[in-house]
Structure formats: structure tokens, C-alpha cells
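The structure under discussion appears below in the form of C-alpha cells.
Chains as they are written, first to last, in the working numbering: chain A, 170 to 536; chain B, 6 to 320.
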């Protein structure tokens, strides 16, 4: 069992407040990903959980036991660092057994645990090598092995894949997902890569400026972002935003007159909106169609088209100089500067009020 | 290893086709190169060969400045005299004691002090400069400061402290002569160790230490499992360089004890000096000098074998 509860956690370095009151509940066996732009406090939060940073105020509870001021070693957590932080003069075997030896475990228990971890991570042929004789991916696996042998209650990962090249990163991402499944362990993972967040997480925690913006499953966050920041942060390529004014509204829908042409009527429970309210419509690349300029009220010029083989991402500039990203099939072709019409899938659009907060869809309210 | 193999491949392949056309040119440039460097090589060779051969020659003849003209060949008699002289064994053991103790003190204290000043505290910059400063004081001045200001039995600082506590001041140079020399030399060389170890500590990986803390390592385990292995290389450098300089300590002895009382603070360098310039026996001193050269080479051989391995090893 490993339930981690964080209550009103605050951390400041002198005058700068890094964490401004974090409340979070992490359940047993969950894979939780902290994600956010650099400087949002996600690493600091992880290090506070590990005990490497002293917190200014607040509580961290592991299985209802206070660990806020406990020494790092006594918290029963294991951490994998971005730089791997392997002990350079120790062999792979010694790196993995170090914690157990310090804990004065029996020799045969240590050997058995190291052998088990080496088997899981396919490190058996490398056990007697030194870290400098290993490749990046192998070092990463040793760092994970060092965490596994301790059988901690919670695994902490601090951007563990960011030092690997793209191909290896994809492979290690899969291995991590498998590892979580096999070990059935609670894992907390920090990253700025939203692909890692979307693919690995049971629960994503989006942080900005030391505050939690939204918590939820990857799909929840993708489909129902709480605000403009979360909507823009998750999704690749990013969601496009169009300013507009509310022209009509009823209990289940809102009609928005877009500033630079066209209007959309989208399902939204805009109780606190009035006619004339300034709003923003957010639309993901897959929810726009390109049509002939004469068929649509919203038009723009084709800027750049990126062909990825399977898809083509078209960047279209509207008359208001906003860039909209549109996903088209891989065989789509067009020319730079073409006048093009844009058709939004109104049902899939997101609506944000003037503060950037999302206006929920009516079905969401009923549920 | 892998990287060198990879590098050698394309490099040698690229060099091969050029070899035929360039070979003549290469031979020409290498001849010019040799011609251009020859003046300095010749000067350096003369600089070494002339004194060495003169020393060997002097060591094989009777050559006492008090008996000019009486310079007949005596074979290895000088060497025999030098080795069987009572001062030789004393000089040998004093040299080893001096080098060994100073190495021990500077390395142990150097590690501890550099660990201490590696912590952040107010005024650390000034403390670091103060710690390094004794190294900039020339040996003679250093010895005089210790002799007249610190260790003097009447006016020294130590004597004042002893008197303050009601104890009888110690006459350091007559009661503990070799220990006094060791103190002075250690004070002089400690900054060197601190300087090297302090900079080495700054490159100690922070995340490794954090990982070890999470693994349950206390301060002692951190020191022995992470810090000390990290410092192995700089410690090796300190030991090598200090050994070279400590074998020839002279000024500190000359200005304080003059090798005495008796032979108690006479090391090999001082013994050779006293043979040549106090007893005017150049032949005997030359023999002693050659023995010292051989001893230094033996020491260098073992040091390089012991320590050189850790220096050449890739980290």
C-alpha cells in the first residue's frame, strides 16, 4: 500500500515562492505524471516528496503517516535522476546493492534482489561493468534497477528520459509502462514532455507557477481542459485559439461571432456569460476542415504545410494574423499563399471566458 | 577504447591515398622540424649532460677544496665513505620521516579542510584566500616567521600560550627539532593540497550525493563511498608533486636548525650541502648527490607505478 497525500504544501527560496499551496492525493499503484513548463515547480515538488528539499509549510503523508520532516532515506522512496547519478567507481552490481548494504541486509538476500532486478531490466551481462562503460539507455536501466532493488513504496522519476535520443526515448517509455504494469508500483514522474505525460500516466497533474492547474486522466485533460493553459499545453500540435464575442446564448449552446470572420454555435453551459462577453474559442487541429474559400465564412491564407507522411499539419493564417493548425491526411497538398476556407467542428470546440477558464459543456454539467 | 577504434578507422583510411604524394613532403618538413627544434634540444641536453658528467667525474676523484692539486683517481672510495658515514643513515631516515609525515599531514588535513570550506558560509571567499596564502610565502621567510615569531621559547606566540596556561614554554628546535621542521613544511604545503582538493570537490556530482542520501547513506558513508573515491586522483597528484619537492627540502632546515642538533634534522639535501660547503669535500658531496639522484629515481619509479596508473586511467 502506498497512498501519498500532499496538503497545502508551500516552498519558497528566500523571497520567491516556488510552490504556492499544493493539494494532491495519489492512490496506490497509480502512475502520476507532473507536467508543466520549465520553472513551474514540478521538480521542486518531486524533490520535496523525496525529502531533498525542505518545505516551507504544509504536510506530506505516506499511508497517513507524516513524512514531511523525515530524512530522505527513511521515507521508503526511491528516485531516478535525470543525470542517472550512478556511482562512477562502483560496478553495476555494487550500484544496485549499495542501498541494501547500507541497510545491512543479508548477503544472499542482496544477491537475490540484485539478480531479480537485473533479470527484469535485462542487465545480467552488464553486472560487472562500470557506469562509464555503459550506453545512455543502459545507464538509465541501472538507475531504475537501483530503485527497484529497494522495493520502495513510491518510485520517483525526475525527467528520466530527457538525456536519451529520440528513438531510445520511445523505447524506454514503453519499458517504463511495462515496468509499472509488472511491478504494480506507485510511480510519480516529472516531465516537460506532454507525449510522455499522455502515454504513461494514469493521472496527469498540470502545474504552472507553483500551482496545480488541473488533475485528471490524460483523456479527461485532453477533452475537458479546465482552462486555456491546460488546453494549450496538452496536445501536439497545440490547440488554436480564436477571439470572439458572444452574440446569442441559451441553456445548452452559445453562439460566438469570431472577430476575424464567421461564427460558431457550440454546446456550452454559459450561465455566467452575457451577450457581448469577450470569449475565446479553442479548436484542436483534428477538428478543423479545410474547404474551398467560397464555402466558409472564416478564411485564411495557407502558411506552411508540414507533411509527416501519415498526416499533414497545415498552418493557416487568418486575417487577424492568428495561426490555426489543421490536421489533414498525408496525401493532402496545397500551395503557400492559397486562400482557404476553414470549417470548425462546433461540437468539439472549447470555449473559454475572458479569464481563460473553460466553460463546461452541458452534458458534462448533467453528469 | 571503442571510441579510439572508431576514430582510427576513417582517419587511417583518409590518410592512405595521400601518403604516396605527400611522403617526400613529410620527410622534408620533419627534417626542417628537427633542425628548428635542435637549438633548444641541444641546450637542454648540455644543461643536463655537463653537470651530470662533471658530478660523476668529481665523485670518482679526491677533490677537497682544502687540498688543491691533490686530485688523484680514487674509484668508489667516495661512495663508500658517504654510505658508511653516520650522517648518511640519519639523513636517509630523516628524509623519509620528513616526506612521509608532511604527506600524511597535508593530505589528511587537506581533505578535511577542503570539505569544511566546501560548505557555504559567510566570508567563505576570504577564508579560502587565507587558506591558500601560506603557499605564496617563500620558504626562507616562512622558516624565519616560525623560528622568531611562533616557536621562539622567549618571544614566540606558542611560548606566550604556554605561559598563559602556566606551563613551561618549550624550546621547540632543541627539544623536538624534526617535529618543528615537519610543522613548518606542512604549513607551507597544506595550501597546495587544499587548493587541489577544493577544486576537485567542486566537481563532485550533486545528484550522486542526493541519490546516495536517498539510498540511506549517512555523512560517513557519503565520505567513504563517494567523496574519497572522487578525490583519489587529486590526492595522487598532491602526493606525486609534493614528494618531488619534499625530497629536496633545504631552506627551512638551513634557516632554523642548521641540520642540528647533531644530525637530528639533517636530510640528504642538507647532508650533501654540508659535505660540499662546510667540509669542502666536493668529491664526497658529488658521490652523495649521485646517490640522492638514484634514490629519487627509485621513489619516482614506485610512485609512478602506484599512482600513475590511477592518473592514466580514463574516468
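Glycine residues also receive a C-beta, built at the ideal position from the N, C-alpha and C atoms.
Short Cβ contact (8 Å threshold) for residue i with residue j
i, j, result
"residue 437 of chain A", "residue 452 of chain A", "no"
"residue 210 of chain A", "residue 178 of chain A", "no"
"residue 144 of chain B", "residue 193 of chain B", "yes"
"residue 327 of chain A", "residue 359 of chain A", "yes"
"residue 406 of chain A", "residue 494 of chain A", "yes"
"residue 192 of chain A", "residue 172 of chain A", "no"
"residue 234 of chain B", "residue 205 of chain B", "no"
"residue 349 of chain A", "residue 356 of chain A", "yes"
"residue 337 of chain A", "residue 369 of chain A", "no"
"residue 70 of chain B", "residue 287 of chain B", "yes"
"residue 397 of chain A", "residue 434 of chain A", "no"
"residue 390 of chain A", "residue 373 of chain A", "yes"
"residue 266 of chain A", "residue 297 of chain A", "no"
Given residue i as reference, the closest of the options once Cα atoms are compared
i, options, result
"residue 187 of chain A", "A/371, A/225, A/439, A/455", "A/225"
"residue 497 of chain A", "A/512, A/487, A/197, A/506", "A/512"
"residue 504 of chain A", "A/378, A/285, A/473, A/294", "A/473"
"residue 264 of chain A", "A/313, A/238, A/524, A/305", "A/313"
"residue 230 of chain B", "A/271, A/278, A/466", "A/271"
"residue 414 of chain A", "A/439, A/393, A/396, A/391", "A/439"
"residue 122 of chain B", "B/109, B/110, B/137", "B/137"
"residue 149 of chain B", "B/261, B/106, B/172", "B/261"
"residue 194 of chain A", "A/381, A/306, A/180", "A/381"
"residue 426 of chain A", "A/444, A/409, A/419, A/420", "A/444"
"residue 259 of chain B", "B/275, B/37, B/269, B/286", "B/275"
"residue 283 of chain A", "A/201, A/320, A/306", "A/320"
"residue 238 of chain A", "A/206, A/223, A/482, A/324", "A/223"
"residue 222 of chain B", "A/207, A/212, A/531, A/242", "A/242"
"residue 409 of chain A", "A/267, A/461, A/492", "A/492"
Those residues which DSSP pairs with residue i across a bridge
i, result
"residue 475 of chain A", "A/482"
"residue 286 of chain B", "B/69"
"residue 406 of chain A", "In the DSSP output, where bridge partners are listed per residue, residue 406 of chain A has none listed."
"residue 375 of chain A", "A/204, A/383"
"residue 356 of chain A", "A/200, A/324"
"residue 329 of chain A", "Its beta-bridge partners do not exist; DSSP assigns none."
"residue 122 of chain B", "The partner list for residue 122 of chain B (beta bridge, DSSP) is empty, contrary to what the question assumes."
"residue 229 of chain A", "A/175"
"residue 416 of chain A", "Residue 416 of chain A is not bridged to any residue."
"residue 519 of chain A", "A/451"
"residue 458 of chain A", "A/512"
"residue 422 of chain A", "A/436"
"residue 527 of chain A", "A/521"
Residue i versus residue j - alpha carbon distance
i, j, result
"residue 184 of chain A", "residue 128 of chain B", "22 Å"
"residue 318 of chain A", "residue 354 of chain A", "13 Å"
"residue 113 of chain B", "residue 375 of chain A", "50 Å"
"residue 340 of chain A", "residue 485 of chain A", "34 Å"
"residue 430 of chain A", "residue 203 of chain A", "38 Å"
"residue 175 of chain A", "residue 231 of chain A", "9 Å"
"residue 291 of chain A", "residue 245 of chain B", "43 Å"
"residue 258 of chain A", "residue 304 of chain B", "28 Å"
"residue 256 of chain A", "residue 316 of chain A", "13 Å"
"residue 519 of chain A", "residue 528 of chain A", "8 Å"
"residue 54 of chain B", "residue 256 of chain B", "26 Å"
"residue 17 of chain B", "residue 37 of chain B", "Confidence is the limiting factor: at residue 17 of chain B the pLDDT is only 42, short of 50, which leaves the residue's position unreliable and the question unanswerable from this model."
"residue 197 of chain B", "residue 141 of chain B", "10 Å"
"residue 13 of chain B", "residue 378 of chain A", "Note on residue 13 of chain B: pLDDT 40, under 50, position unreliable in the model; the coordinate value appears next. One C-alpha to the other measures close to 51 Å."
"residue 172 of chain B", "residue 268 of chain A", "52 Å"
"residue 469 of chain A", "residue 220 of chain A", "53 Å"
"residue 11 of chain B", "residue 216 of chain B", "For residue 11 of chain B, the pLDDT reaches just 39, beneath the cut-off of 50, and the residue's location in the model is therefore unreliable, leaving the point undetermined."
"residue 254 of chain B", "residue 188 of chain B", "13 Å"
Enclosing alpha helix (DSSP H) for residue i [first to last residue]
i, result
"residue 176 of chain B", "First-last for residue 176 of chain B: undefined, no H or E at that position."
"residue 144 of chain B", "144-150"
"residue 195 of chain B", "182-207"
"residue 258 of chain B", "256-261"
"residue 210 of chain B", "Note, residue 210 of chain B: premise wrong, no alpha helix (DSSP H); not H, not E."
"residue 265 of chain B", "Element bounds for residue 265 of chain B: n/a, residue is neither H nor E."
"residue 263 of chain A", "261-271"
"residue 282 of chain A", "276-289"
"residue 269 of chain B", "Element bounds for residue 269 of chain B: n/a, residue is neither H nor E."
Start and end residues, beta strand (DSSP E) containing residue i
i, result
"residue 433 of chain A", "432-436"
"residue 512 of chain A", "508-513"
"residue 247 of chain A", "246-249"
"residue 496 of chain A", "492-498"
"residue 193 of chain A", "185-195"
The ligand ZN heavy atom lying under 7 Å from the CB of residue i
i, result
"residue 276 of chain B", "Because no ligand of any kind appears in the structure shown, any question about the ligand ZN cannot be addressed here."
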